[in-house]
Amino acid sequence: IETASGGSGDRQAFSSRSVFILAAIGSAVGLGNIWRYPYVAYESGGGAFLVPYLVALLTAAIPLLFLDYALGHKFRGSSPLSYSRLRRWLEPLGWVQVLLCFAISAYYAVVLAWALRYFLLSFTLGWGKDSEAFFFGDFLSLDETPKAIGTYDPGTFAALALIWVVCIGVVLFGIDRGIGGVNKVLLPTLFAAFVALVVRALFLEGAMAGLDAFFSPNWGALKDPAVWVAAYGQVFFSTSVAIGAMLTYASYLKLRTNLTGSGLVVAFSNASFEVLAGIGVFACIGFLAGQQGVGVDEAVAGGPGLAFVVFPALISEMPFGQFFGVLFFGCLVVAGVTSLVSLIQVVGAGVGEKFGMGHRAGTLVAGGATAAISLVFFPTSSGLMVLDVVDNWVNNVMLVGFAAISCLLVAWGARALPRLAHHLNAVGSFPVGWFWMLCVGVLTPAVLVYTVYRGIVTLQA
Ligand code: PFF
Numbered sequence: 013i014e015t016a017s018g019g020s021g022d023r024q025a026f027s028s029r030s031v032f033i034l035a036a037i038g039s040a041v042g043l044g045n046i047w048r049y050p051y052v053a054y055e056s057g058g059g060a061f062l063v064p065y066l067v068a069l070l071t072a073a074i075p076l077l078f079l080d081y082a083l084g085h086k087f088r089g090s091s092p093l094s095y096s097r098l099r100r101w102l103e104p105l106g107w108v109q110v111l112l113c114f115a116i117s118a119y120y121a122v123v124l125a126w127a128l129r130y131f132l133l134s135f136t137l138g139w140g141k142d143s144e145a146f147f148f149g150d151f152l153s154l155d156e157t158p159k160a161i162g163t164y165d166p167g168t169f170a171a172l173a174l175i176w177v178v179c180i181g182v183v184l185f186g187i188d189r190g191i192g193g194v195n196k197v198l199l200p201t202l203f204a205a206f207v208a209l210v211v212r213a214l215f216l217e218g219a220m221a222g223l224d225a226f227f228s229p230n231w232g233a234l235k236d237p238a239v240w241v242a243a244y245g246q247v248f249f250s251t252s253v254a255i256g257a258m259l260t261y262a263s264y265l266k267l268r269t270n271l272t273g274s275g276l277v278v279a280f281s282n283a284s285f286e287v288l289a290g291i292g293v294f295a296c297i298g299f300l301a302g303q304q305g306v307g308v309d310e311a312v313a314g315g316p317g318l319a320f321v322v323f324p325a326l327i328s329e330m331p332f333g334q335f336f337g338v339l340f341f342g343c344l345v346v347a348g349v350t351s352l353v354s355l356i357q358v359v360g361a362g363v364g365e366k367f368g369m370g371h372r373a374g375t376l377v378a379g380g381a382t383a384a385i386s387l388v389f390f391p392t393s394s395g396l397m398v399l400d401v402v403d404n405w406v407n408n409v410m411l412v413g414f415a416a417i418s419c420l421l422v423a424w425g426a427r428a429l430p431r432l433a434h435h436l437n438a439v440g441s442f443p444v445g446w447f448w449m450l451c452v453g454v455l456t457p458a459v460l461v462y463t464v465y466r467g468i469v470t471l472q473a
């Protein structure tokens with residue numbers, strides 16, 4: 013295993029910058045792009061959503077991505093170690109990130125397990141005629157309440173166990189051979205398969221009606237603060253920033269690497285994939301609406317519903333749907349796996365470095381504990397509700413809230429921004445300066461605090 017020069021002893025390293033970029037894109041492109049973005053964008057102004065989305069990308073996601081890269085790369089450690097090397101008293105910030113990754117991975121893996129089961133079901137169109145009744149009834153056993161609350165589902169348990177074994181296995185293989193190797197193969201495959209899916213979708217009857225709905229701008233939405241809040245929330249989760257994933261990956265980059273250039277490639281690749289997913293999904297929804305004789309509005313369902321209710325219905329309706337279904341759920345699994353490994357790496361590296369256990373033992377202990385919790389709590393019939401609540405609180409409130417706190421502490425508490433800008437500028441595609449510091453120290457935290465406030469108001473409503 014190669015080590016990063018200047019790192020502490022046996023610290024691993026990515027063999028090249030392109031492997032790092034692929035791994036970072038793999039972390040960013042995930043379930044959030046394929047089912048979350050299209051729905052959020054549609055609800056929040058359609059075509060007009062691109063405006064707040066781009067603003068959020070430029071003023072929050074990219075500046076924080078640079079911050080993550082600078083911290084990880086300069087201090088060469090997992091989140092807690094890097095923060096504590098900046099200032100000892102900042103170590104808890106790193107642990108908050110580890111905890112968030114722990115919480116997200118526990119349920120993210122469950123959605124992946126569902127996708128894996130639907131991948132298999134696609135071969136036979138196993139959801140039958142009514143995909144909605146199947147998902148909530150046969151699949152999640154939610155229709156048998158209250159009798160079945162807590163019923164354990166062996167199918168989901170098995171799929172989930174498999175996901176955990178594979179992903180922990182990948183992380184155990186190491187940052188370059190394991191995570192890098194898997195991304196090198198899976199990411200180009202994902203991209204090719206997804207482009208094929210989107211092109212196929214565009215030729216479906218009614219596709220244009222769907223695109224029309226997706227892109228017709230509702231400019232009035234831009235006056236609604238909730239739309240801006242949604243854009244910031246989406247961009248954060250989707251780009252994997254402020255949660256330790258990008259920081260940890262950057263800590264395995266060799267010294268003298270172009271960080272700003274890499275960040276732009278990662279952020280824009282992720283954003284492009286997101287818009288591409290939106291186009292594909294809405295082309296499909298247009299087709300489905302036409303088949304069912306309903307408006308596009310009616311055919312859209314958010315969250316888990318989009319992937320697990322609307323898509324199966326569509327797959328059943330279209331010619332050679334099985335093929336499309338296998339490809340779609342295959343893409344979902346692949347996109348999710350490359351994101352889940354980054355979450356496991358944050359937790360494993362954080363624990364491993366703190367307790368001097370090394371990379372493998374850290375991954376086994378921390379990954380094993382997360383897997384155990386995930387396997388005990390989520391494959392039950394009440395798992396969906398727990399998942400929804402955890403997802404909302406973790407993403408809309410905690411992730412964004414702690415991001416604001418860490419920006420302020422790094423900028424004003426540790427007064428570290430000039431130093432970090434200097435680090436970014438050592439080797440970069442362009443200089444970062446006052447605008448970056450203004451974003452990280454003032455603009456981004458201000459918007460984030462407002463987002464958290466709105467998030468709490470909405471969740472309590
Ligand atoms: N960015 C991933 C997605 O869009 O699905 C989710 C994610 C992965 C968030 C890793 C945070 C993270 F650290």
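First residue of the sequence shown: 13, per UniProt numbering; consecutive thereafter. Quick reminder that beta carbons are idealized off the backbone N, C-alpha and C, glycines included. It should be emphasised that the depicted structure is a prediction, and the values quoted were computed from it without experimental measurement.
Applying the criterion that 16 or more other CB atoms from any shown protein chain within 10 Å of the CB defines a buried residue, is residue 305 buried or exposed? Taking the first residue of the sequence shown as 1, we reach residue 305 at position 293. With fewer than 16 other Cβ atoms from the protein chains shown falling within 10 Å of its own Cβ, residue 305 counts as exposed.
By how many angstroms is the C-alpha of residue 406 removed from the C-alpha of residue 235?
-> Along the sequence shown, one-based indexing puts residue 235 at 223. Along the sequence shown, one-based indexing puts residue 406 at 394. Between the alpha carbons of residue 235 and residue 406 lies a distance of about 26 angstroms.
**Study point:** is_contact[residue 383, chain C] using C-beta, thresh 8 angstroms
**Key:** Here chain C cannot be found, since the structure has a single protein chain.
Next item on the list: Buried or exposed for residue 165, please, with buried defined as at least 16 other CB atoms from any protein chain shown within 10 angstroms of its CB.
Entry: Taking the sequence shown and counting its residues from 1, one reaches residue 165 at position 153. Its Cβ being crowded by 16 or more others within 10 Å, residue 165 is buried.
Classify residue 260 as buried or exposed, calling it buried when 16 or more other Cβ atoms lie within 10 Å of its own Cβ.
Locating residue 260 in the sequence shown gives position 248, where the first residue counts as 1. That one is buried.
(Q) Among 59, 53, 38, whose alpha-carbon lies nearest the alpha-carbon of residue 228? (A) Within the sequence shown, numbered from 1, the residue matching residue 228 stands at position 216. The shortest CA-to-CA distance from residue 228 to any of 59, 53, 38 is the one to 59.
Inter-residue spacing [alpha-carbon to alpha-carbon] between residue 195 and residue 28: Residue 195 sits at position 183 when you count from the first residue of the sequence shown. Residue 28 sits at position 16 when you count from the first residue of the sequence shown. Spanning the two alpha carbons is a distance of roughly 13 angstroms.
(request) Write down every uninterrupted run of the alpha helix (DSSP H) in the segment 103–138 whose length is 4 residues or greater and which is fully enclosed by it, in chain order. (result) Complete alpha helix (DSSP H) runs here, min 4: 103–136.
Tell me the DSSP secondary structure of residue 370 in three-state form. As a position in the sequence shown, residue 370 is number 358, starting the count at 1. The three-state secondary structure of residue 370, taken from DSSP, is helix.
Q) Hey, would you say residue 448 sits closer than 8 angstroms to residue 428, going by beta carbons? A) By 1-based counting over the sequence shown, the position of residue 448 is 436. By 1-based counting over the sequence shown, the position of residue 428 is 416. By the CB criterion at 8 angstroms, residue 448 and residue 428 fall outside the cutoff.
message = ligand 1 and residue 42: does the residue's C-beta get closer than 7 angstroms to at least one heavy atom of that ligand?
response = On the sequence shown, position 30 is the one that residue 42 refers to. True, at least one ligand heavy atom lies under 7 angstroms from that Cβ.
* Asked: Who are the near neighbours of residue 461 in its chain, counting only those whose CB is closer than 6 angstroms to its CB and skipping five residues on each side?
  -> Here residue 461 refers to the residue found at position 449 of the sequence shown. 416.
**Prompt:** Is it true that the segment 295–302 meets the segment 266–275, where meeting means three or more beta-carbon pairs spaced less than 8 angstroms apart?
**Reply:** Judged by Cβ distances under 8 angstroms, the segment 295–302 makes no contact with the segment 266–275, as fewer than three pairs qualify.
Note to self: For residue 365 and residue 191, I'd like the C-alpha separation in whole angstroms.
What the structure shows: Sequence index remark: in the sequence shown, residue 365 carries index 353 (1-based). Sequence index remark: in the sequence shown, residue 191 carries index 179 (1-based). Roughly 18 angstroms separates the two Cα atoms.
Report task. For the alpha helix (DSSP H) holding residue 286, just list the boundary residues, first then last. Result -> Counting from 1 along the sequence shown, the entry for residue 286 is found at position 274. Start and end: 271–304.
Practice item. Under 7 angstroms Cβ to Cβ from residue 102, same chain only, skipping five residues before and after it: list those, please. Key: Residue 102 sits at position 90 when you count from the first residue of the sequence shown. If we look at residue 102 and ignore the five residues flanking it on each side, its Cβ neighbours are 95, 96, 421, 426.
Original post:
What are the complete alpha helix (DSSP H) segments, minimum 4 residues, inside the segment 407–441?
Top reply: Whole alpha helix (DSSP H) segments, 4+ residues: 412–420, 429–438.
Review point. If you draw a straight line from the alpha carbon of residue 179 to that of residue 352, how long is it in whole angstroms?
Key: Looking up residue 179 in the sequence shown gives position 167. Looking up residue 352 in the sequence shown gives position 340. Rounded to whole angstroms, residue 179 to residue 352 spans 7 angstroms at the Cα level.
_Taking the beta carbon of residue 201 as the centre, do at least 16 other beta carbons fall within 10 Å, making it buried, or is it exposed?_
The residue labelled residue 201 in the question sits at position 189 within the sequence shown. When all chains shown are included, residue 201 counts as exposed.
For residue 504, count the other beta carbons within 10 Å of its own beta carbon; 16 or more makes it buried, fewer makes it exposed. Which is it? One cannot answer for residue 504 here, as it falls past the ends of the chain, which runs 13 to 473.
Can you tell me whether residue 64 is helix, strand or coil according to DSSP? As a first step, residue 64 is located in the sequence shown; it is residue number 52 there, counting from the start. Helix at residue 64.
So is the beta-carbon of residue 113 under 7 angstroms away from any non-hydrogen atom of ligand 1? Here residue 113 refers to the residue found at position 101 when the sequence shown is read from its first residue. Yes, the Cβ of residue 113 comes within 7 angstroms of a heavy atom of ligand 1.
Exercise. Determine contact between the segment 204–219 and the segment 47–62, defined as no fewer than three beta-carbon pairs at a distance below 8 angstroms.
Key: These segments do not touch.
Under three-state DSSP, which class holds residue 331?
For the purposes of this step, residue 331 is taken as the residue at position 319 of the sequence shown. Coil, per DSSP.
Start and end residues, alpha helix (DSSP H) containing residue 454
Here the question's residue 454 lines up with position 442 in the sequence shown. Under the DSSP assignment, residue 454 falls outside any alpha helix (DSSP H); it carries neither an H nor an E label.
Count Cβ pairs between the segment 236–247 and the segment 370–385 that sit closer than 8 angstroms; are there 3 or more? At 8 angstroms Cβ cutoff, the stretches do not touch.
For residue 302, which residues of its own chain have a beta-carbon under 8 angstroms away from its beta-carbon, when the five flanking residues on both sides are left out?
Within the sequence shown, residue 302 is the residue found at index 290, counting from 1. Scanning its chain for C-beta atoms nearer than 8 angstroms, with the 5 sequence neighbours on each side dropped, one finds around residue 302 the residues 217, 218, 221, in chain order.
Specify, as a first and last residue, the run of the alpha helix (DSSP H) that residue 264 falls within. The residue given as residue 264 occupies position 252 in the sequence shown. It is not in any alpha helix (DSSP H) - residue 264 carries neither H nor E in the DSSP assignment.
- Message: Short of 6 angstroms in beta carbon distance, which residues of its chain neighbour residue 341, apart from the five on each side in sequence? Order them along the chain.
- Response: One-based indexing of the sequence shown puts residue 341 at position 329. For residue 341, same chain residues with a beta-carbon under 6 angstroms away, outside a window of 5 residues either side, are 127, 130, 131, 134 in chain order.
| field | Between the CA atoms of residue 392 and residue 167 - distance to the nearest angstrom | value | On the sequence shown, position 155 is the one that residue 167 refers to. On the sequence shown, position 380 is the one that residue 392 refers to. The straight-line gap from Cα to Cα measures roughly 11 angstroms.
Helix, strand or coil, according to DSSP, for residue 391 in the structure here? Locating residue 391 in the sequence shown gives position 379, counting from the first residue. Under the three-state reduction of DSSP, residue 391 is assigned to coil, being neither helix nor strand.
Could you give the distance in angstroms between the alpha-carbon of residue 172 and the alpha-carbon of residue 337? Mapped onto the sequence shown, residue 172 falls at position 160. Mapped onto the sequence shown, residue 337 falls at position 325. For residue 172 and residue 337, the distance between alpha carbons rounds to 20 angstroms.
Check: Cα-Cα, which of 328, 333, 289, 441 is closest to residue 41?
Finding: Numbered from 1 along the sequence shown, position 29 holds the residue referred to as residue 41. The option with the nearest alpha carbon to residue 41 is 289.
Status (buried if at least 16 other CB within 10 Å, exposed otherwise) for residue 467 = Start at 1 with the first residue of the sequence shown, and residue 467 comes out as number 455. Label assigned to residue 467: buried.
Requested in this report: Provide the residue span of the alpha helix (DSSP H) that contains residue 217, from first to last.
Outcome: In the sequence shown, the residue the question calls residue 217 occupies position 205. Annotation for residue 217: no alpha helix (DSSP H) segment contains it, and DSSP assigns it neither H nor E.
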